[in-house]
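Numbering of the sequence shown is given in full-length UniProt numbering, commencing with residue 1 and proceeding in unit increments. Below you'll find the structure, written out as structure tokens, and then a few comments.
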Amino acid sequence: MDAKGYLQEVGTQVNADFVKNRSILSFEEYLSLFLNDPRAQARNAAQYLRDVMDHFGTQTVPHPTGTIRRFKVFDAEGSERDGRVAGQEEVQNAIYRVLGNFVRAGRINKLILLHGPNGSAKSTLVNALKAGMETYSRQPQGALYRIAWVFPSEKLIKGSIGFGERTDGSGELTTFAHLDAESIDLRMPCELRDHPLFAMPPGERRKVLEAALKKKGLGTGDGESGDFILSDYVRDGELCSKCRRIYTALLNSYNGDWLKVLRHVQVERFYVSRRYQVATVTVEPQMSVDAIVQQITADRTQLNVPAPLHSTVLFEPHGPLVHANRGLIEYADLLKRPLEAFKYLLGFSETAEVPLEPFVLQLDEVLIASSNEKHLGAFKELPDFASFKGRIELVRVPYLRRYRTEQQIYDAQVSATTVGKHVAPHATEVASMWAVLTRLKKPIPDRYPGDVKELIDHVTPVEKLHLYEEGAPPDRLSLANTKELRKLREELFTESDAYPNYEGRVGASAREIKTALFNAAQNPDYKCLNGLAVLEELEAICKDKSVYEYLLQEVMDGYHDHEAFVRMAEAEYLDRVDTEVRESMGLVSEGQYRELVERYIQGVSHWVRGEKMRNRITGEMEKPDEQRMQEVEAIVMPKGEDAAEFRRGLIASIGAHRLDNPDATMDYPRIFPDMFKRLRDHYFEERKRVLRKNKENVLKYLSEDRGMLTPREQTQVQSTLKTMAERYGYCEHCAKDAILFLMKKRYA
Numbered sequence: 001m002d003a004k005g006y007l008q009e010v011g012t013q014v015n016a017d018f019v020k021n022r023s024i025l026s027f028e029e030y031l032s033l034f035l036n037d038p039r040a041q042a043r044n045a046a047q048y049l050r051d052v053m054d055h056f057g058t059q060t061v062p063h064p065t066g067t068i069r070r071f072k073v074f075d076a077e078g079s080e081r082d083g084r085v086a087g088q089e090e091v092q093n094a095i096y097r098v099l100g101n102f103v104r105a106g107r108i109n110k111l112i113l114l115h116g117p118n119g120s121a122k123s124t125l126v127n128a129l130k131a132g133m134e135t136y137s138r139q140p141q142g143a144l145y146r147i148a149w150v151f152p153s154e155k156l157i158k159g160s161i162g163f164g165e166r167t168d169g170s171g172e173l174t175t176f177a178h179l180d181a182e183s184i185d186l187r188m189p190c191e192l193r194d195h196p197l198f199a200m201p202p203g204e205r206r207k208v209l210e211a212a213l214k215k216k217g218l219g220t221g222d223g224e225s226g227d228f229i230l231s232d233y234v235r236d237g238e239l240c241s242k243c244r245r246i247y248t249a250l251l252n253s254y255n256g257d258w259l260k261v262l263r264h265v266q267v268e269r270f271y272v273s274r275r276y277q278v279a280t281v282t283v284e285p286q287m288s289v290d291a292i293v294q295q296i297t298a299d300r301t302q303l304n305v306p307a308p309l310h311s312t313v314l315f316e317p318h319g320p321l322v323h324a325n326r327g328l329i330e331y332a333d334l335l336k337r338p339l340e341a342f343k344y345l346l347g348f349s350e351t352a353e354v355p356l357e358p359f360v361l362q363l364d365e366v367l368i369a370s371s372n373e374k375h376l377g378a379f380k381e382l383p384d385f386a387s388f389k390g391r392i393e394l395v396r397v398p399y400l401r402r403y404r405t406e407q408q409i410y411d412a413q414v415s416a417t418t419v420g421k422h423v424a425p426h427a428t429e430v431a432s433m434w435a436v437l438t439r440l441k442k443p444i445p446d447r448y449p450g451d452v453k454e455l456i457d458h459v460t461p462v463e464k465l466h467l468y469e470e471g472a473p474p475d476r477l478s479l480a481n482t483k484e485l486r487k488l489r490e491e492l493f494t495e496s497d498a499y500p501n502y503e504g505r506v507g508a509s510a511r512e513i514k515t516a517l518f519n520a521a522q523n524p525d526y527k528c529l530n531g532l533a534v535l536e537e538l539e540a541i542c543k544d545k546s547v548y549e550y551l552l553q554e555v556m557d558g559y560h561d562h563e564a565f566v567r568m569a570e571a572e573y574l575d576r577v578d579t580e581v582r583e584s585m586g587l588v589s590e591g592q593y594r595e596l597v598e599r600y601i602q603g604v605s606h607w608v609r610g611e612k613m614r615n616r617i618t619g620e621m622e623k624p625d626e627q628r629m630q631e632v633e634a635i636v637m638p639k640g641e642d643a644a645e646f647r648r649g650l651i652a653s654i655g656a657h658r659l660d661n662p663d664a665t666m667d668y669p670r671i672f673p674d675m676f677k678r679l680r681d682h683y684f685e686e687r688k689r690v691l692r693k694n695k696e697n698v699l700k701y702l703s704e705d706r707g708m709l710t711p712r713e714q715t716q717v718q719s720t721l722k723t724m725a726e727r728y729g730y731c732e733h734c735a736k737d738a739i740l741f742l743m744k745k746r747y748a
């Protein structure tokens with residue numbers, strides 16, 4: 001491909017995209033576009049942002065409270081690796097609900113304040129919304145348009161600029177919007193990105209809006225006759241000061257001929273952009289004014305200004321508020337700024353207007369701010385908080401309390417590329433568990449009925465961790481208590497929501513844990529970033545109480561005991577490594593456990609119904625084999641449990657599962673994970689000597705003693721290492737580290 005041919009090909013494509021996207025329109029062309037799809041073109045910023053969230057769709061995800069809606073815009077697909085919001089579905093739904101309130105009210109009348117501890121994803125949530133707006137604005141259904149003014153050259157038009165007829169005498173131009181650059185003396189875009197319909201007289205605009213909506217079956221925009229509500233901004237908004245002065249000057253010059261004024265109107269499509277601060281801006285906690293004006297016409301000596309504007313003084317507004325118009329403005333760490341620096345938000349959040357010296361800015365933008373709890377607490381103590389209270393919508397953003405969701409944050413950012421070495425299995429999982437453990441609060445037994453107070457009082461941090469994540473009560477409980485605790489899962493999760501010191505307010509932040517993971521990757525003792533390096537880093541954090549405030553919390557029945565949490569995370573890590581090494585050795589297949597449980601439950605089912613069952617060998621109808629059932633129960637039934645109650649409970653659990661999943665096949669490992677775990681542990685406890693020998697062989701194989709193994713033993717080790725690599729992601733280095741640690745802790 002030659003350079004010229006390539007450039008022509010690209011040029012053709014760019015030109016085709018420009019035309020396809022309808023980037024430049026005359027007012028008449030825009031009006032046709034509006035009449036064809038009035039809903040899309042009559043949206044204010046709140047309606048647009050809600051449509052952004054709807055555009056990407058939703059999905060239902062598991063949650064400790066049952067299931068919850070997740071908005072896919074927060075998955076930030078195709079963006080940078082740290083753009084995705086892990087969890088925080090409650091916050092997503094809260095933002096959507098507030099936007100819905102704005103839509104129903106017909107105006108954006110409050111500031112959304114995301115508050116929570118440092119590093120709880122407040123900024124990430126807003127960035128995901130901004131990225132979604134950028135993507136959506138490039139779609140046909142997300143097209144946004146603004147007004148601009150075009151003044152043609154005297155070479156094209158006789159007489160004064162902007163007046164007369166074509167030089168070739170073929171008649172007057174109906175629009176100057178599509179003139180080429182050589183035929184234009186001046187083009188003046190609107191910094192506020194005024195809606196194109198603002199070029200119509202207000203009364204006529206309302207008639208057009210209502211008629212167009214009614215024709216499309218959307219009512220008249222009042223929310224009662226249809227499902228679309230016209231916002232105050234679109235229905236009653238006016239041109240900005242500069243555009244109004246240009247409009248008035250042209251109307252005077254044309255002696256009131258409005259159609260001739262419209263010839264100067266160019267409608268331009270614009271795209272939301274974070275980089276170029278178009279319809280989305282972040283205001284950092286700095287000491288600066290958020291909007292200013294600048295005079296752009298001073299006297300008649302400015303030859304590039306058209307004649308109709310020579311006697312008109314024009315001002316251009318600038319600043320974050322202006323750049324964010326028709327979109328979203330974010331005030332990062334708002335409450336770190338002095339109160340006087342953002343007091344204007346009192347009026348702006350309610351009226352959408354900001355008074356400046358020469359004129360009043362009329363704006364259409366969603367206001368989102370963020371603050372940590374410490375600054376919010378101090379703000380609430382100020383006398384002015386009472387004034388802000390009714391103009392702020394508080395949305396709490398706590399730390400995550402589910403470790404697998406927390407792990408998604410680290411898995412997205414901690415990789416072989418970012419840390420420079422292989423990331424071993426469970427490295428990020430160990431860090432996630434410890435982080436979540438530091439955030440959990442001891443349940444308050446007095447909030448629960450008397451018959452479960454003691455049960456709640458004895459829930460340990462690690463038990464609460466697994467109850468939140470998997471809905472799995474501890475093995476130590478009877479079947480009845482297990483059911484009871486599962487029922488209380490939602491209540492436990494929401495127990496402190498109404499408290500100022502809520503669960504998830506205090507603890508290790510994701511930022512601190514990411515730093516710990518990157519530090520662990522630099523540990524020279526390990527060739528991989530593995531769980532052992534992470535545990536060492538967590539132990540180091542626990543010693544630095546002068547840096548991490550949450551380490552100063554008082555230990556309460558095992559809660560807030562951060563050093564003990566390292567040992568808990570270590571135990572969880574050992575459990576996983578032990579299970580994976582065992583299964584990689586292939587001593588017993590998962591199918592054998594499944595078959596044993598299926599046969600046991602089949603016998604229990606007949607026993608509960610008082611029915612006989614067919615003997616597999618003789619074919620005779622017999623009572624269920626009581627001895628076989630008791631042998632299984634000796635392994636899987638919690639101590640002290642009544643066998644009859646245990647059996648009835650199992651059948652009840654199966655019945656409940658069938659009701660919830662009528663079309664699904666029976667997945668016993670999922671329904672009874674504790675039962676399968678006890679079976680595995682029992683089997684491997686009986687074969688501990690064989691296990692120890694096999695693990696020693698793996699270590700020999702990975703050392704200089706490989707030659708001491710027989711060919712058969714070497715083949716077994718190779719099979720084990722291959723399975724560990726393919727199924728779980730171990731390399732030889734981290735497999736050796738994990739097995740050495742396991743042998744030291746459990747098989748010594």
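Ideal placement from N, C-alpha and C gives every residue a C-beta, glycine not left out. As the structure is a prediction and not an experimental result, all values here were calculated from the model.
Q. Do A128 and V91 have their C-beta atoms within less than 8 Å of each other?
A. Taking the sequence shown and counting its residues from 1, the one referred to as residue 128 is at position 128. Taking the sequence shown and counting its residues from 1, the one referred to as residue 91 is at position 91. Remark: C-beta atoms of A128 and V91 do not approach each other more closely than 8 Å.
**Q.** Those runs of the beta strand (DSSP E) which lie wholly inside the region 78-152 and span at least 3 residues
**A.** Restricted to the region 78-152, the beta strand (DSSP E) segments that are unbroken, complete and at least 3 residues in length are 111-115, 144-152, listed in chain order.
**Q.** Per-residue burial, R104 [other beta carbons within 10 Å of its own, 16 or more giving buried]
**A.** As a working note, residue 104 is residue 104 in the sequence shown. Burial call: exposed.
Q | Which of helix, strand or coil DSSP assigns to R402 | A | For this step, residue 402 is matched to residue 402 along the sequence shown. Coil, per DSSP.
Q) Taking just the CA atoms, how far does T428 sit from R712? A) In the sequence shown, counting from the first residue as 1, residue 712 sits at position 712. In the sequence shown, counting from the first residue as 1, residue 428 sits at position 428. Each residue's CA atom was taken as its position, placing R712 and T428 some 36 Å apart.
Q: Since I believe I456 is in contact with L479 (beta carbons under 8 Å), could you give me their beta-carbon distance rounded to a whole number of angstroms?
A: Looking up residue 479 in the sequence shown gives position 479. Looking up residue 456 in the sequence shown gives position 456. About 18 Å separates the beta carbons of L479 and I456, which is beyond the 8 Å limit, so they are not a contact pair.
Q) Hey, would you say E365 sits closer than 8 Å to R326, going by beta carbons? A) Position 365 of the sequence shown, counting from 1, holds the residue named residue 365. Position 326 of the sequence shown, counting from 1, holds the residue named residue 326. Using a Cβ distance threshold of 8 Å, E365 and R326 count as a contacting pair.
(Q) If I measure Cβ to Cβ from D194 and keep anything under 7 Å in the same chain, skipping five residues before and after, which residues do I get? (A) Here residue 194 is taken as the residue at index 194 of the sequence shown, counted from 1. The beta carbon of D194 lies closer than 7 Å to those of R146, I147, L239, C240, C243 in the same chain, with the five residues before and after it left out.
Q. Nearest to I392 by CA position, among L111, N252, D446, Y468, is which residue?
A. Residue numbering aside, residue 392 sits at position 392 when the sequence shown is read from its first letter. Of the candidates L111, N252, D446, Y468, L111 places its Cα closest to the Cα of I392.
Q. For the beta strand (DSSP E) that M629 lies in, which residues bound it at each end?
A. Taking the sequence shown and counting its residues from 1, the one referred to as residue 629 is at position 629. DSSP places M629 outside any beta strand (DSSP E); the residue lies instead in the alpha helix (DSSP H), whose first and last residues are 626-636.
Q) Three or more beta-carbon pairs under 8 Å between the region 566-586 and the region 599-609, yes or no? A) Not touching, per the Cβ criterion.
Q. How is the alpha helix (DSSP H) around V395 delimited, first residue to last?
A. Counted from its first residue, the sequence shown places residue 395 at position 395. It is not in any alpha helix (DSSP H) - V395 instead sits in the beta strand (DSSP E) that spans 392-396.
Q: Determine, using beta carbons only, whether R138 and Y331 come nearer to each other than 8 Å.
A: Locating residue 138 in the sequence shown gives position 138, where the first residue counts as 1. Locating residue 331 in the sequence shown gives position 331, where the first residue counts as 1. Cβ atoms of R138 and Y331: not closer than 8 Å.
Q) In the DSSP assignment, what residue or residues form a beta bridge with E330? A) Against the sequence shown, residue 330 aligns to sequence position 330. Beta-bridge pairing links E330 to T282, I368.
Q: Leaving out five residues on either side along the sequence, give the residues of the same chain with a beta carbon under 7 Å from the beta carbon of L376.
A: Position 376 of the sequence shown, counting from 1, holds the residue named residue 376. Within the same chain, L376 has close Cβ partners H115, L335.
Q. Around the Cβ of Y499, are there at least 16 other Cβ atoms within 10 angstroms (buried) or fewer (exposed)?
A. Along the sequence shown, one-based indexing puts residue 499 at 499. With fewer than 16 Cβ atoms within 10 Å of its Cβ, Y499 is classed as exposed.
Q | Run of the alpha helix (DSSP H) containing S387, from where it starts to where it stops | A | For the purposes of this step, residue 387 is taken as residue 387 along the sequence shown, with counting starting at 1. Where S387 is concerned, the enclosing alpha helix (DSSP H) starts and stops at 385-389.
Q. Which partner residues does V360 have in the DSSP bridge list?
A. Reading the sequence shown from its first residue, position 360 is the one you call residue 360. DSSP lists P355 as the beta-bridge partner residues of V360.
Q: Report the option in M708, P669, N44, F27 whose CA atom is closest to the CA atom of residue 750.
A: Here the chain covers residues 1 to 748 and nothing more, so residue 750 does not appear.
**Q.** V581 versus E563 - alpha carbon distance
**A.** For the purposes of this step, residue 581 is taken as the residue at position 581 of the sequence shown. For the purposes of this step, residue 563 is taken as the residue at position 563 of the sequence shown. The straight-line gap from Cα to Cα measures roughly 27 Å.
Q) Just reading off the alpha helix (DSSP H) that F27 is part of, what are its end residues? A) Sequence index remark: in the sequence shown, residue 27 carries index 27 (1-based). Per DSSP, F27 belongs to the alpha helix (DSSP H) from 27-36.
**Q.** Spatial neighbours of L740 in its chain, beta-carbon cut-off 7 Å, leaving aside the 5 residues before and after
**A.** Sequence index remark: in the sequence shown, residue 740 carries index 740 (1-based). Apart from sequence neighbours up to five positions away, the residues of its chain that approach L740 with a beta-carbon distance below 7 Å are L699, ordered along the chain.
Q: May I ask you to list the residues that DSSP assigns as paired with V234?
A: Within the sequence shown, the letter at position 234 stands for residue 234. According to DSSP, V234 bridges with nothing at all.
Q: Compute the Euclidean distance between the alpha carbons of G729 and P117, then round it to the nearest angstrom.
A: On the sequence shown, residue 729 is found 729 positions in, with the first residue counted as 1. On the sequence shown, residue 117 is found 117 positions in, with the first residue counted as 1. Going from the Cα of G729 to the Cα of P117 covers about 34 Å.
Q.
DSSP three-state label for S273, please.
A. The residue labelled residue 273 in the question sits at position 273 within the sequence shown. It is a strand residue.
Q) DSSP beta-bridge partners for H63? A) What you label residue 63 is simply residue 63 of the sequence shown in a count that begins at 1. Looking at the DSSP output, H63 bridges to G66.
Q. What residues in its chain sit with their C-beta under 7 Å from that of S496, if we drop five residues either side in the sequence?
A. If you number the sequence shown from 1, residue 496 lands on position 496. Within the same chain, Cβ atoms closer than 7 Å to the Cβ of S496 are found at K441, Y502, E503, the five residues on either side in sequence being excluded.
(Q) Given this structure, state the Cα-to-Cα distance separating D82 from F74, to the nearest angstrom. (A) Stepping through the sequence shown from its first residue, residue 82 is reached at position 82. Stepping through the sequence shown from its first residue, residue 74 is reached at position 74. Straight-line Cα distance between these residues: approximately 11 Å.
Q) Which same chain residues, not among the five before or five after A533, have their C-beta less than 6 Å away from its C-beta? A) Working through the sequence shown from its first residue, we reach residue 533 at position 533. A520, N523, Y526, listed in sequence order.
Q. With respect to the beta strand (DSSP E) encompassing I184, which residues constitute its N-terminal and C-terminal limits?
A. As a position in the sequence shown, residue 184 is number 184, starting the count at 1. That run of the beta strand (DSSP E) goes 184-189.
**Q.** Exposed unless 16 or more other CB atoms sit within 10 angstroms - verdict on A177
**A.** Reading the sequence shown from its first residue, position 177 is the one you call residue 177. Classification of A177: buried, given that the 10 Å Cβ count is 16 or more.
Q: Taking I329 and L321 to be in contact with their CB atoms under 8 Å, please state how far apart those CB atoms are, rounded to whole angstroms.
A: Within the sequence shown, numbered from 1, the residue matching residue 329 stands at position 329. Within the sequence shown, numbered from 1, the residue matching residue 321 stands at position 321. Right, the Cβ-Cβ distance comes to about 7 Å (below 8 Å), so this counts as a contact.
Q) Helix or strand or just coil, what does DSSP make of P673? A) By one-based count along the sequence shown, residue 673 stands at place 673. P673: helix per DSSP, three-state reduction.
**Q.** Endpoints, the alpha helix (DSSP H) within which Q716 is located
**A.** Position 716 of the sequence shown holds residue 716. Run containing Q716: 711-723, per the alpha helix (DSSP H) assignment.
**Q.** Cβ shell of R706 (< 8 Å), same chain only, five flanking positions each side left out
**A.** In the sequence shown, counting from the first residue as 1, residue 706 sits at position 706. Within the same chain, R706 has close Cβ partners K700, Q714.
Q. Hey, out of D333, V265, G106, whose CA is closest to M188's CA?
A. Translated into positions along the sequence shown, residue 188 becomes position 188. With distances taken between CA atoms, M188 lies nearest to V265 out of D333, V265, G106.
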